[in-house]
Amino acid sequence: MIEELLAACFFTPLIAALLVAPFEAVWAKSSRIILLTATLAVFTISLLFIPAVTVHGIILKHSILPMSVKPSSVGVLLSITLVAFLSSLYNFKAEQGGRLPPPVYSGFILLLLTVMIGLVVFDDLVILYILVETTIGVTVILVTHKKGKFPLQAAFKYLIITAVSAILFLAGVIILFNLTGDYSLISLYEKPWILRENSNLTLLAVALITAGLGADIGIAPFHGWLPDAVPASPDTVNSFTAVEGVPLFYALYQLVNPIFQAYPSPYITGLLAGLGAVSVIIGNLIAYQQRDYMRMIAYSCIDVYGYTALILSLFNTAAYTAGFFYLINASIMKMSLFQNLGVVEKNAETTNMNNLKGLAGKLGKTSYIYLASFLSLTGIPPFAGFYAKILAYNVIYNFIAASNIILGVLALTALISLSLVALAYFANSYHKIFLESAEKTGLKTGEPHILTWLPSLIGVAVSLIIGVQPQLLYVLLS
Amino acid sequence: MSVTQIILYLIAAALTVTGVIVRENLKSIKILAAQAAAIITVNLAYYIEQIAASLNPLEPAAIISLIIEASVTVIVIPQLIRKVKTHVINGNMKSESLTYTPPVLNLKTFSTISLGFNIFFLLFTSHLLYANLLPSQLQLLPLAILVLVNSVLGMVYNRDAVKITVALNMAFNAFTPLLSSLPLPYILLELTSLILVNIILVFIVSEMAEKYNTINVSEWSVNYD
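Chains as they are written, first to last, in my numbering: chain U, 237 to 714; chain R, 3 to 227.
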């Protein structure tokens, strides 16, 4: 019975995606209700993994399908389903139609949720590749939902870059499959000597997989699509895809970690840490220069992914917990920010911060939630972001200081300085959008519908609760 | 790996370069089909050699995989792009000046870069094969990477969305022989996702042609200021 939870978690959104169109034909506007119900059901199922997996400390495996849930992946699954549920709640009022008909749009959102869950629960190399490719395809379709020329351009660029990255990922998977002779991820743990004997090919596979998945995630220098795709996408889609980095990073870690355990090469750490450091620098410095708030958030996403890559590159249990703690909190906060900025964009009809002033007067709740979200994202207490940054700094400092204390202090200083840059551009955006005198507002309406700010408020509340009681998330990632 | 397989892969690499530099899109699409056929023949050559040497009888699953791969990469995808090109793009963009999109670099510069890269990579591949540094099942990998990199160069070289789509498919084709060891359901899933990627691509290209009258990707960029 318990193992059927696994199948239910993966197949519920898939079945719902298939049902959307027939239901819409019978009852117009049913697609939003199906989307909301399905995401709530999947969130509830993922909550059930806490007593079934976390409390008992067991790995739940499916007897037929190559699926499993580990105690350390329950938090990852919960974050995906929580963001999906909160985003579908926001979507209920915020979605205003676009290029895709409503059942097609809702169907693709549910398909995206299915593949994101699949990336966490499947243990098969080839299925992971198929899921990564499907994730890209579905996200590209969703980017085109917004009407106009720009989304098509962004979607084309996104698809070309990520399709090439999918080929690199496939090449990496082919190498691993040919070395181990097995499609299962477990075989990477079971046959470490093969990976050690073919060290050059193993390193090539790691490089290809990192480049492939890194481009899908949006790590520099493969991030070219991200600053276009975020402003081009509707706010509802951005809200759903805010959590996309979590399953993709999980897949990357699941693939590279066993290889690192078998062949702990400094090149593997160096590759991921180097890409992470470059992403943090590029993300923060370019985000600071942006006048378009959606592009600012896009570059901020590159910073978040860079931090995560930097932490996970250390490949130990503390790094895993710190990396995903940070990424999960950042994803929930990004969801909140996208929803808040979606409300701003709909009301002010511009994404240029220089054309906005004093919106706090009419969008009071939205402005407070935006403030709390960016404070959590940048690591200000009492939110979870603070604890996430402490964990991250601790792991990185301990690793570097083990060989050179001065280098450890310098690395920590650089990371804290870059975090201050992030705090500066978010504070600047808050000041430009919500504060100052209200002479340029030109808002269409006042405070929006409760469903457009409540989900982001819940996101902030979750961050606050985890910030006060960090062991709640910590235990789900340990 | 046999000499026939090497020659066929080199033909595929040459077709890849030709496909991304030809002026007309329809020729480019025909070359895509020819490139896919050359790469499928790499597998076919392997099976024929196995049968001739009486090493392994050909399994039905392998025959079915080969037929499906050939159908998708040689027929379905080139036909899909050709239909969009002839019906949607040509239907909306009548004049030759609109349908021809000049590439990013001039042909001479691209040819020099491409030739230099190919010579360097072939020397590297020869070293890998001569020194027997790769396991037997991965000996085709450097040649697949050669085709892939030529396709990526083609994507960077072109501004024409149709040619970029063709080059992307050439890159996907590069790894087809290495997938032959996978079970049939996996190959079917992989090919289905490939078709889906192409459907999305042609949807975007045809939308741009229909609504904005351009397939030149450099005209799609947005000024944020």
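Heads up, the beta-carbon is just placed ideally off N, CA and C, and yes, glycines get one too.
Please classify residue i: is it buried, with 16 or more other beta-carbons within 10 angstroms of its beta-carbon, or exposed?
i, result
"Lys165 (chain R)", "buried"
"Lys668 (chain U)", "buried"
"Leu424 (chain U)", "buried"
"Ala211 (chain R)", "buried"
"Ser99 (chain R)", "Because Ser99 (chain R) sits at a pLDDT of 46, beneath the cut-off of 50, its placement in the model cannot be relied upon, and the following sentence gives the value as read from the coordinates. That one is exposed."
"Leu548 (chain U)", "buried"
"Ile217 (chain R)", "buried"
"Val291 (chain U)", "exposed"
"Trp429 (chain U)", "exposed"
"Pro684 (chain U)", "buried"
"Thr557 (chain U)", "buried"
"Gln7 (chain R)", "buried"
"Asn640 (chain U)", "exposed"
"Asp227 (chain R)", "Residue confidence for Asp227 (chain R) is low, a pLDDT of 49 falling below 50, so the modelled location carries little weight and cannot support an answer."
"Phe392 (chain U)", "buried"
"Met571 (chain U)", "buried"
"Leu254 (chain U)", "exposed"
"Ile403 (chain U)", "buried"
So, at 6 Å on beta carbons, what are the nonlocal neighbours of residue i in its own chain, with the 5 sequence-adjacent residues on each side left out?
i, result
"Ile504 (chain U)", "Val442, Phe496"
"Gly542 (chain U)", "Gly512, Ser515, Val516, Gly519"
"Leu148 (chain R)", "Ala15, Phe123"
"Gly156 (chain R)", "Val22, Ala169"
"Val78 (chain R)", "none"
"Asn327 (chain U)", "Thr472"
"Val19 (chain R)", "Ser116, Asn152"
"Leu348 (chain U)", "Val374"
"Tyr489 (chain U)", "Leu548"
"Thr370 (chain U)", "Val351"
Please go through the same chain and pick out, in chain order, the residues whose beta-carbon is closer than 8 Å to the beta-carbon of residue i, but skip the five residues on each side of it.
i, result
"Ala658 (chain U)", "Asn520, Ala523, Ser536, Asp539, Leu613, Thr614"
"Ile281 (chain U)", "Leu241, Ala244, Cys245, Thr248, Thr317"
"Thr398 (chain U)", "Ile372, Val376, Ala451, Asp452, Trp461"
"Ile616 (chain U)", "Phe622, Leu659"
"Pro467 (chain U)", "Phe386, Ala390, Asp528, Met530, Arg531, Ala534, Thr587"
"Thr167 (chain R)", "Ile83, Asn200, Leu203, Val204, Val207"
"Leu406 (chain U)", "Tyr365, Gly448"
"Val24 (chain R)", "Ser30, Ile33"
How would you list, in chain order, the residues of chain U whose beta-carbon sits under 7 Å from the beta-carbon of residue i?
i, result
"Gln139 (chain R)", "Asn414"
"Val219 (chain R)", "Phe392"
"Met210 (chain R)", "Leu388"
"Ile202 (chain R)", "Gly373, Val376, Ile377, Leu395"
"Leu150 (chain R)", "Ile403"
For residue i, return the contacting residues in chain R, with the cut-off set at a CB-CB distance below 8 Å.
i, result
"Phe610 (chain U)", "By Cβ distance, chain R contributes nothing, its closest Cβ being about 21 Å from Phe610 (chain U), past 8 Å."
"Leu437 (chain U)", "Leu136, Pro137, Leu140"
"Thr290 (chain U)", "Under the 8 Å cutoff, chain R gives no residues; its nearest Cβ is about 32 Å from Thr290 (chain U)."
What does a CB cutoff of less than 7 Å around residue i pick up in its chain, not counting 5 residues either side in sequence?
i, result
"Lys213 (chain R)", "none"
"Tyr499 (chain U)", "Leu431, Arg432, Ser435, Thr438"
"Ala637 (chain U)", "Gly644"
"Val5 (chain R)", "none"
"Phe217 (chain U)", "Given a span of 237 to 714 for chain U in the structure shown, any question on residue 217 (chain U) remains unanswerable."
"Leu284 (chain U)", "Leu241"
"Ser401 (chain U)", "Ala447, Gly448, Ala451, Asp452, Phe458"
"Ser201 (chain U)", "The structure shown has nothing for residue 201 (chain U), since chain U only spans 237 to 714."
"Gln40 (chain R)", "It should be pointed out that residue 40 (chain R) corresponds to Ala in this sequence rather than to Gln. Leu10, Ile13, Ala14, Leu17."
In chain U, which residues lie less than 8 Å from residue i when you measure between Cβ atoms?
i, result
"Val164 (chain R)", "Residues of chain U passing the Cβ test: none, with the nearest at roughly 12 Å."
"Ile41 (chain R)", "In chain order: nothing, as chain U lies at least about 14 Å away."
Determine the chain R residues that contact residue i at a beta-carbon separation under 7 Å, and present them in chain order.
i, result
"Ile366 (chain U)", "Leu191, Glu192, Ser195"
Give the interface partners of residue i over in chain U, defined as CB-CB distance under 9 Å, in chain order.
i, result
"Tyr214 (chain R)", "Lys385, Leu388"
"Val199 (chain R)", "Glu369, Ile372, Gly373, Val376, Leu395, Ala399, Ala402"
"Met157 (chain R)", "Ile396, Val400"
Entirely within the stretch 26-70 of chain R and at least 4 residues each: give me those alpha helix (DSSP H) ranges in chain order.
Listed in chain order, they are 27-54.
Note down, one range per segment and in chain order, each alpha helix (DSSP H) of at least 4 residues found wholly within the stretch 328-411 of chain U.
The stretch 328-411 of chain U is shown to contain whole alpha helix (DSSP H) runs of 4 or more residues at 338-357, 361-379, in chain order.
Against chain C: residues of the stretch 165-189 of chain R by CB proximity under 8 Å:
Checking the listed chains, one finds no chain C in this structure; the protein chains it contains are U and R.
Does the count of Cβ pairs from the stretch 252-271 of chain U and the stretch 327-343 of chain U closer than 8 Å reach three?
The stretch 252-271 of chain U vs the stretch 327-343 of chain U: in contact.
Quick check: the stretch 352-362 of chain U against the stretch 480-492 of chain U, are there 3 or more CB pairs under 8 Å?
With a cut-off of 8 Å, the stretch 480-492 of chain U and the stretch 352-362 of chain U count as touching, because enough Cβ pairs lie within range.
Which parts of the stretch 138-178 of chain R are runs of the alpha helix (DSSP H), unbroken and 4 residues or longer, counting only runs that do not cross its ends?
For the stretch 138-178 of chain R, the full-length alpha helix (DSSP H) segments reaching 4 residues or more read 143-159, 163-175 along the chain.
So does the stretch 377-394 of chain U actually touch the stretch 305-319 of chain U, counting three or more Cβ pairs closer than 8 Å?
No, the stretch 377-394 of chain U is not in contact with the stretch 305-319 of chain U.
Are the stretch 620-638 of chain U and the stretch 554-567 of chain U in contact at 8 Å, needing three or more beta carbon pairs?
Pairwise C-beta distances place the stretch 620-638 of chain U in contact with the stretch 554-567 of chain U, as three or more of them are shorter than 8 Å.
Is the stretch 403-418 of chain U close to the stretch 169-182 of chain R, with three or more CB pairs under 8 Å?
As far as the Cβ criterion goes, the stretch 403-418 of chain U touches the stretch 169-182 of chain R, which means the pair count is three or higher.
Unbroken alpha helix (DSSP H) runs of length 4 or more, entirely within the stretch 500-527 of chain U: which are they?
List check, alpha helix (DSSP H) in window: 502-525.
Mind the definition here: the stretch 64-82 of chain R touches the stretch 43-52 of chain R only if three or more C-beta pairs lie below 8 Å; say whether that holds.
Of all C-beta pairs linking the stretch 64-82 of chain R to the stretch 43-52 of chain R, three or more are shorter than 8 Å, placing the two stretches in contact.
So within the stretch 567-601 of chain U, which uninterrupted beta strand (DSSP E) runs reach at least 3 residues, ignoring any that extend past its ends?
Entirely contained in the stretch 567-601 of chain U, not one beta strand (DSSP E) run reaches 3 residues.
Quick one: complete beta strand (DSSP E) runs, 3+ long, within the stretch 281-334 of chain U?
Counting only runs of 3 or more residues that sit fully inside the stretch 281-334 of chain U, no beta strand (DSSP E) segment turns up.
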